[in-house]
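One structure is given below, encoded as structure tokens.
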Amino acid sequence: MLLSRQVLHSSLYHPVYLYLNERNSIVGVNKVTVKVRVRRLTPDAQIPKAAKRGDVAFDLYSMIDHELKPGERFAVPTGIALEIPEGYEGQVRPRSGLALKEGISVLNTPGTIDSGYRGEIKTIIINLGETSFKITKGMRISQLAIRPVPEVQFIEVEELSSTERGGGGFGSTGV
809 MLLSRQVLHS SLYHPVYLYL NERNSIVGVN KVTVKVRVRR LTPDAQIPKA
859 AKRGDVAFDL YSMIDHELKP GERFAVPTGI ALEIPEGYEG QVRPRSGLAL
909 KEGISVLNTP GTIDSGYRGE IKTIIINLGE TSFKITKGMR ISQLAIRPVP
959 EVQFIEVEEL SSTERGGGGF GSTGV
């Protein structure tokens with residue numbers, strides 16, 4: 809028996825609802841489909857796709873071959889441009905297998921793609937490993953997640969409320 813519907817998240821356009829039973833157990837979630845327009849900048853560019861059904865991020869593919877030396881940074885072209893709807897952002901993230909096995913990571917993780925950006929999507933990667941890494945055309949190089957962005961208003965004040973943590977940062981709560 810469904811007793812309540814609660815807002816889990818509300819973006820500018822799409823609220824997400826949790827459906828709860830009498831024990832406050834989740835019995836359902838309505839899902840929102842976000843349509844992201846993709847333009848191939850070259851005919852052989854690959855459209856982002858999830859490796860498995862239900863994955864939260866979509867693979868991005870390299871358009872070139874490149875040897876990445878240890879410590880080297882490089883912007884890998886994907887050959888695509890996106891039109892992300894207003895109220896959302898794209899996040900470029902590392903692939904965990906490349907990070908663990910090869911020491912390859914996204915340098916500015918997550919890389920932010922604003923909804924107004926229409927240029928080529930590139931992944932800024934770094935080789936943190938001890939040997940060169942060969943990027944090949946068509947290789948899954950990073951992942952793209954589409955996330956809602958709240959509308960934010962900054963309010964200037966004379967003082968902030970106090971908390972137990974206060975101004976402690978940079979390891980002040982333990983490493």
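Everything in the sequence shown is counted per the numbering used here, starting at 809 for the first residue and increasing by one. By construction, the Cβ of each residue, glycine as well, lies at the ideal position given by its N, Cα and C atoms. Note that the structure is predicted; figures quoted are calculated from it, not measured.
- Taken in chain order, the stretch 934–974 contains no complete alpha helix (DSSP H) segment of 4 residues or longer.
- Contact between the stretch 959–979 and the stretch 872–879 is absent, with fewer than three C-beta pairs closer than 8 Å.
- Buried is the label assigned to Arg903, since at least 16 other Cβ atoms lie within 10 Å of its Cβ.
- Rounded to the nearest whole angstrom, the CA to CA distance from Arg948 to Lys839 is 27 Å.
- Residue nearest to Val884 within the set Pro851, Ile892, Pro893, His874 is His874 (criterion: CA-CA distance).
- DSSP places Gly905 in the helix class (H, G or I) of the three-state scheme.
- Between Leu868 and Thr944, the gap from beta carbon to beta carbon reaches 8 Å or more.
- Around the CB of Val900, 16 or more other CB atoms lie within 10 Å, so the residue is classed as buried.
- DSSP, reduced to helix, strand and coil, places Glu875 within a strand of the structure shown.
- Around Val864, the same chain offers Ala953 as residues with beta carbons nearer than 7 Å, after the five sequence neighbours per side are excluded.
- For Glu894, no beta strand (DSSP E) segment is defined, and its DSSP state is neither H nor E.
- Leu849 is the residue among Leu849, Ile892, Glu891 whose C-alpha sits nearest the C-alpha of Met871.
- For Glu910, the three-state secondary structure derived from DSSP is helix.
- The Cβ atoms of Leu890 and Arg955 do not sit closer than 8 Å to each other.
- Bounds of the beta strand (DSSP E) holding Phe866 are 866–869.
- The shortest CA-to-CA distance from Lys857 to any of Gly946, Ile921, Ser833 is the one to Gly946.
- In the structure shown, Ala859 adopts coil according to DSSP, grouped into three states.
- By the Cβ-count criterion, Val914 is buried, with 16 or more other Cβ atoms from all chains shown falling within 10 Å of its own Cβ.
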